[in-house]
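Chains A and B are the protein sequences, given in the same order. Heads up: the first sequence begins at 1 in my numbering, then just goes up one per residue. Heads up: the second sequence begins at 1001 in my numbering, then just goes up one per residue.
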Amino acid sequence: MIRQLIYIFIIGAGLTACSSASYIAADADVIAVEGEVATNNTIDSLILPYRSELNKEMEAILCRSEYDFVKGRPNAPLNNWSADALLQFFKDSLNDSEPTMVLLNTGGLRSTINKGDVTLGDIYKLMPFDNEVVMVRLPIDRLEQIADYIKSSGGEPIAGVKYHNGKLLFNESTGSDSFWVITSDYLYNGGDNMSFFQDAENVKYIGVLLRDVFIEVAKAQKTLVYKDEIRIVLE
Amino acid sequence: MKRRDFIRSTALLTGGVLVAPSVLAGRSSIKRNKKITILHTNDTHSNIDPFPENHAKYPGLGGVSRRYELVSQVRDEVENVLLLDAGDIFQGTPYFNRYNGVLEMKVMSRLGYDAATMGNHDFDIGVNGFVNAQESANFPFICSNYDFTNTELYGRTKGYHIIEKGGIKVGVFGLGVQLKGLVPDDKYGETKYLDPIEMAQEYTRILKSSGCDLIICLSHLGYEYASDKISDLKLAESTSDIHLIIGGHTHTFLEKPTEVINKTGNSVLVNQVGWAGVNLGRIDFEIEQKLKKKGSFVLQ
């Protein structure tokens, strides 16, 4: 335990009207929770049954990975893999006449998937939040705002589109005046300031967790694969 | 009047807002001063176990077992201790996904928490989910700016809470962040968000008139924003009578509390200890009691 004595000061006498105190002094410390791992029966006996059961479940191997899947900006293997996972998972339910893209947030990918066995616990670390998948229909001109967002953030996981020369272009162009974005309810609800989602024409809550999509896709791939392509080229 | 009292009174009067630390340090042995130690956490996010040794930022840090040990050490060392949390108890490890917050509540109860407020992530499994987990908590949740009328949480939280320890009356109220946009609508249901500054004024008035010596706000508003969004720093400067704001939400690691001057020119402490239980905050308060004879301050 590191105890740093920080400082002493006075909180003024403003509270005297109704209280018995005339002044208040305070010391402050930050106590780092570190050092020898403490074991104490009071807490450990409570946690142990939960931990054992959970660990057993989390150690289940879903697939293998031949690389370290890291996230990054503007492009990274984990960015492409996670965005593609959504496109792959929902491809049968998409309407071909309307263009569809995937947009996630780099910040939302919470951990690397390391080379070797990929366990259920690894995917939980990647996506600990219970974010749900939503499909959002936006007017076609909002594509510019998404492009601006990607430019200013430095890159987010995308699929179905490429960012080039300051513009987002669908891999398969259509003349549609609107498009669908597969994303998370967190982002749709204003998370990470993706304000363009406020102009949604339609929203479908799929009732599937983002993490569950990753789990299913990992299982189906057996060995994790990602498209080694540059999707975002920042000038 | 005795000479000794006269000198003491003089020191007090010249004290006002800014007595030099050395003067104060010299006074700490005065017997009638009352002391209380506040221990606090925020944004523990279901981190029951320490981070793994290969964790990029906080290798091996945290864990509730060690937190228990550290809290016990302080309780052995000083007489009056309060343990408080500023919200976001839920979400962040599979313990939460698997057991829906029940283990977090059991652990905090066993650690002996005196009170907590709700963070946005504490709504992640809906109001009903929180209520189910709360069955395992033996400490109160203080929510002063959420109106839970027409939700299952109605009557299950408190607007304020007064704890008396070692002759000190501590008043606690709790402020939560705007839920819209942060939490899916269906998770918080009909919970209404009320203006934090207005509610702070309302509850400090109640706590002050109840004779509280120390008024603490458990806040999940966030430390500071680039925008004009309400934050702990803004709250501190726009109110009076709060002594300590224990913050959360922004996962801010402060090396020491920030001192803010409030509306009436007095100091407020704003503190926050990061997240995940890697740090435990400690603030020792020493309260100088008024002399019994009110008139004895007047030097004639």
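Each residue gets a CB set at the ideal place from its N, CA and C atoms; glycine is no exception.
- Listed along the chain, the chain A residues whose CB falls inside 7 angstroms of the CB of B/Gln1178 amount to none; the nearest CB is some 10 angstroms away.
- In chain order, Met101, Leu168 and Phe170 place their CB closer than 6 angstroms to the CB of A/Val161, counting only its own chain and leaving out the 5 sequence neighbours on each side.
- A/Glu53 has its alpha-carbon roughly 26 angstroms from the corresponding atom of B/Tyr1113.
- Distance from the CA of A/Arg64 to the CA of A/Ser184, rounded to the nearest whole angstrom, comes to 26 angstroms.
- Of the other Cβ atoms in all chains shown, 16 or more fall within 10 Å of the Cβ of A/Ile150; this residue is therefore buried.
- Here A/Tyr188 really is in contact with A/Phe197; their C-beta atoms are around 5 angstroms apart, less than 8 angstroms.
- Between A/Glu132 and A/Arg211, the alpha-carbon positions lie close to 8 angstroms from each other.
- When 9 angstroms is used as the limit between beta carbons, A/Asn189 is near these residues of chain B: Lys1180, Gly1181, Leu1182, Val1183, Pro1184 and Asp1185, in chain order.
- Proximity of A/Gly121 to chain B, defined by a Cβ-Cβ separation below 8 angstroms, is satisfied.
- Excluding residues up to 5 positions away in sequence, Ile113 lie with their Cβ nearer than 6 angstroms to the Cβ of A/Asp122 in the same chain.
- By the neighbour-count definition (other C-beta atoms within 10 Å, threshold 16), A/Asn55 is an exposed residue.
- Contact note: B/Thr1093 reaches chain A through Pro128, using a C-beta cutoff of 7 angstroms and chain order.
- The C-beta distance from B/Thr1044 to B/Val1074 rounds to 17 angstroms, too long to meet the 8 angstroms contact threshold.
- Around the beta carbon of B/Arg1032, fewer than 16 other beta carbons sit within 10 angstroms, so the residue counts as exposed.
- By the criterion of a C-beta distance shorter than 7 angstroms, B/Pro1140 is surrounded in its chain by Ala1115, Lys1158 and His1161, once the five residues flanking it on both sides are discounted.
- Short of 8 angstroms from the beta carbon of B/Arg1067, and not among the five residues preceding or following it, lie these beta carbons of its own chain, in chain order: Thr1041, Leu1111, Gly1277 and Leu1280.
- Contact annotation: in the region 1239-1258 of chain B, residues whose CB is within less than 9 angstroms of a CB in chain A are Ser1240, Asp1241, His1243, Leu1244, Phe1253, Leu1254, Glu1255, Lys1256 and Pro1257.
- Secondary structure of A/Asn114 (DSSP, three-state): coil.
- If you compare the alpha carbons of A/Asp44, A/Ala200, A/Val217 and A/Lys219 with that of A/Asp141, the shortest gap goes to A/Ala200.
- What A/Tyr67 touches in chain B, judged by beta-carbon distance under 7 angstroms, is nothing: the nearest beta carbon there is about 18 angstroms away.
- As the crow flies, the alpha-carbon of B/Glu1255 is around 19 angstroms from that of B/His1220.
- DSSP lists A/Met135 as the beta-bridge partner residues of A/Lys204.
- Exposed is the label assigned to B/Phe1253, since fewer than 16 other Cβ atoms lie within 10 Å of its Cβ.
- According to the DSSP secondary-structure assignment, B/Asp1284 is paired through a beta bridge with A/Asp27 and B/Thr1037.
- Assigned with DSSP and collapsed to three states, B/Val1078 falls in coil, not helix or strand.
- Listed along the chain, the chain B residues whose CB falls inside 8 angstroms of the CB of A/Leu104 amount to none; the nearest CB is some 17 angstroms away.
- A/Arg110 and A/Pro128 have their C-alpha atoms roughly 7 angstroms apart.
- Distances from the CA of A/Gly191 to each of A/Pro99, A/Tyr226, A/Leu103 and A/Leu46 were compared; the closest alpha carbon is that of A/Leu103.
- If you compare the alpha carbons of A/Arg73, A/Asp92 and A/Val203 with that of A/Asn105, the shortest gap goes to A/Arg73.
- Annotation: the region 118-191 of chain A contains the following complete segments of the beta strand (DSSP E) (minimum length 3 residues), in chain order: 132-139, 161-164, 167-170 and 178-184.
- Of the other Cβ atoms in all chains shown, fewer than 16 fall within 10 Å of the Cβ of A/Asn202; this residue is therefore exposed.
- Below the 8 angstroms Cβ cutoff, chain A contributes Ile43 and Ile47 as neighbours of B/Val1064, in chain order.
- Looking at the DSSP output, B/Asp1186 sits in no beta bridge, so it has no partner there.
- In the three-state reduction of the DSSP assignment, B/His1161 falls in the strand class.
- Note: A/Asp199 is not bridge-paired with any residue in the DSSP secondary-structure output.
- Among the CB atoms of chain A, one or more fall inside 8 angstroms of the CB of B/Gly1277.
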